[in-house]
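Structure record follows, encoded as structure tokens.
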DNA sequence: GAGGGCAATGTCAGTGACTGACATGCGATC
DNA sequence: GATCGCATGTCAGTCACTGACATTGCCCTC
């Protein structure tokens with residue numbers, strides 16, 4: 064009721080998550096979210112550029128963490144290792160929020176419009192990472208490719224990490240999944256076929 | 064005027080490209096596009112799910128070509144090579160359309176909403192490729208990672224290919240850029256640092 | 001402690017994307 | 001040439017989003 068309740072932004076985010084879960088994204092009007100948060104539709108749009116954005120408030124902080132980590136890493140490592148270190152550094156943020164991450168991921172998966180937004184946020188993270196690599200002297204196209212590979216690894220690892228069911232004891236952390244994903248990518252781009260013993264004519268390497 | 068002019072869909076696509084270029088995406092109303100095509104707004108929405116979709120009509124054909132190529136490739140190659148072969152197979156389609164591709168890419172780059180749509184289309188291509196790999200017996204997570212790597216390679220190669228200015232003689236084709244991008248990715252994920260002679264302590268390879 | 005200023009919120013009116021229901025004209029079929 | 005089906009048109013409505021302006025609580029200063 065009171066006009067001056069604090070944390071308007073968080074209230075809006077919470078109300079939106081609840082309503083998207085209860086009724087679905089399309090069936091929730093912005094006015095509904097605002098009403099549950101004790102605010103008006105107009106105020107919602109002062110905090111979020113559009114209806115989808117309310118689910119992506121954590122994005123800037125994540126990006127900042129990635130960029131700073133890359134800048135702070137010691138020298139003498141492959142670009143892809145710098146990128147991986149950056150994503151590993153976010154693990155302490157995510158680890159205590161696994162249930163929240165799971166709920167949010169489930170909502171995003173329900174609507175293509177939300178997946179679009181998720182994809183462009185990931186692309187923005189990738190672009191920021193590429194820029195941070197360039198700032199360290201990594202040349203193109205290595206910077207772009209390493210950051211794209213990083214996004215692919217992160218997507219896969221995050222998905223595995225979120226899906227891990229509460230088997231209780233043997234839960235792996237995000238860092239584990241990130242390292243596994245990188246190892247698998249390395250295996251995939253290794254010069255010779257990966258699965259099964261050799262069974263085709265040898266020929267000079269790709270390209 | 065006549066109600067029964069043929070090719071309504073193509074007329075809408077052409078009108079949209081023109082108007083987006085002349086006025087910009089936001090400044091073009093769907094009713095404007097329809098009017099230029101000699102149709103009504105309602106008819107536009109019978110052909111395209113939303114205003115952005117009018118720029119993405121080629122997506123299903125592209126996806127079909129990728130999937131079929133992967134299914135038809137001979138056995139005994141790395142998954143990533145199958146993926147690359149699939150993208151290479153699209154080259155004859157793109158090659159004669161470079162000016163169109165350039166114009167379209169420029170429009171998409173002008174508006175985040177269009178980039179979002181582009182990203183989700185690429186993700187859909189990637190998902191279809193991963194599925195095609197699985198149908199050939201490629202296991203997870205190799206199928207997903209190979210298809211994601213393929214998308215990254217395609218994005219980079221396509222960008223290079225489109226940007227290539229009309230220097231006249233020495234234009235490279237899309238296949239060239241695709242192969243170059245794969246080679247660069249392989250170099251990035253190779254066990255040891257890429258640039259400069261060795262200058263750090265050796266240690267056993269990743270993982 | 002009255003006044004003034006600032007920042008967050010509210011109110012209102014408008015535009016345009018998108019949808020459902022129903023009407024209408026063109027072309028083919030029997 | 002009556003009928004039918006499909007592409008298109010018409011109309012009305014909802015909702016996301018925006019700009020202009022009003023209001024209200026809070027803090028600072030004199």
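Protein chains in written order, with our numbering: chain H, 64 to 270; chain Z, 64 to 270.
Where a beta carbon is used, it is the ideal one built from N, C-alpha and C, also for glycine.
Note that the coordinates shown come from a computational prediction; the quantities given were computed from them, not determined experimentally.
Using beta carbons (cut-off 8 Å, strictly below), is residue i in contact with chain H?
i             : result
residue 175/Z : yes
residue 152/Z : no
residue 91/Z  : no
residue 303/Z : The shown model of chain Z, from 64 to 270, leaves out residue 303/Z, and the question about it has no answer.
residue 170/Z : no
residue 197/Z : no
residue 133/Z : no
residue 269/Z : In this prediction, residue 269/Z scores a pLDDT of 43, lower than 50, which makes its location untrustworthy; the coordinate-derived value is nonetheless stated afterwards. For residue 269/Z, the answer is yes, since a Cβ of chain H falls inside 8 Å of its Cβ.
residue 183/Z : yes
residue 98/Z  : no
residue 190/Z : no
residue 272/Z : Nothing in the structure corresponds to residue 272/Z, since chain Z is present only between 64 and 270.
residue 265/Z : For residue 265/Z, the pLDDT reaches just 48, beneath the cut-off of 50, and the residue's location in the model is therefore unreliable, leaving the point undetermined.
residue 125/Z : no
residue 129/Z : no
residue 78/Z  : no
residue 244/Z : yes
What does the Cβ neighbour count give for residue i, buried or exposed, with the cut at 16 atoms within 10 Å?
i             : result
residue 183/Z : buried
residue 202/H : exposed
residue 103/Z : exposed
residue 73/Z  : exposed
residue 162/Z : exposed
residue 205/Z : buried
residue 255/H : exposed
residue 100/Z : buried
residue 156/H : exposed
residue 180/Z : buried
residue 124/Z : exposed
residue 92/Z  : exposed
residue 97/H  : buried
residue 79/Z  : buried
residue 209/H : buried
residue 244/H : buried
residue 94/Z  : exposed
residue 138/H : exposed
Where residue i and residue j are concerned, what is the direct C-alpha to C-alpha distance, given to the nearest angstrom?
i             : j             : result
residue 237/Z : residue 170/Z : 20 Å
residue 249/Z : residue 135/Z : 24 Å
residue 207/H : residue 111/Z : 33 Å
residue 252/Z : residue 253/H : 8 Å
residue 89/Z  : residue 117/Z : 14 Å
residue 216/Z : residue 81/Z  : 30 Å
residue 197/H : residue 142/H : 10 Å
residue 240/H : residue 69/Z  : 54 Å
residue 129/H : residue 75/Z  : 43 Å
residue 168/H : residue 242/Z : 35 Å
residue 132/H : residue 223/Z : 29 Å
residue 191/Z : residue 211/Z : 11 Å
residue 67/H  : residue 106/Z : 48 Å
residue 219/H : residue 234/H : 16 Å
residue 158/Z : residue 150/H : 38 Å
residue 227/Z : residue 153/Z : 18 Å
residue 193/Z : residue 77/Z  : 32 Å
residue 87/Z  : residue 140/Z : 45 Å
residue 175/H : residue 71/Z  : 27 Å
residue 247/H : residue 108/H : 43 Å
With residue i and residue j assumed to form a contact (beta carbons below 8 Å), what rounded beta-carbon distance in angstroms separates them?
i             : j             : result
residue 115/Z : residue 177/Z : 6 Å
residue 225/Z : residue 172/Z : Not a contact, Cβ separation roughly 10 Å.
residue 185/H : residue 126/H : About 10 Å; that fails the 8 Å criterion.
residue 213/H : residue 146/H : 4 Å
Closer than 8 Å, CB to CB, is residue i near chain Z or not?
i             : result
residue 142/H : yes
residue 251/H : yes
residue 178/H : yes
residue 208/H : yes
residue 75/H  : no
residue 205/H : yes
residue 136/H : no
residue 215/H : yes
residue 219/H : yes
residue 158/H : no
residue 212/H : yes
residue 164/H : no
Is residue i near the ligand SAH, in the sense that its beta carbon is under 7 Å from a heavy atom of that ligand?
i            : result
residue 90/Z : Although the ligand SAH was asked about, the structure shown includes no ligands whatsoever.
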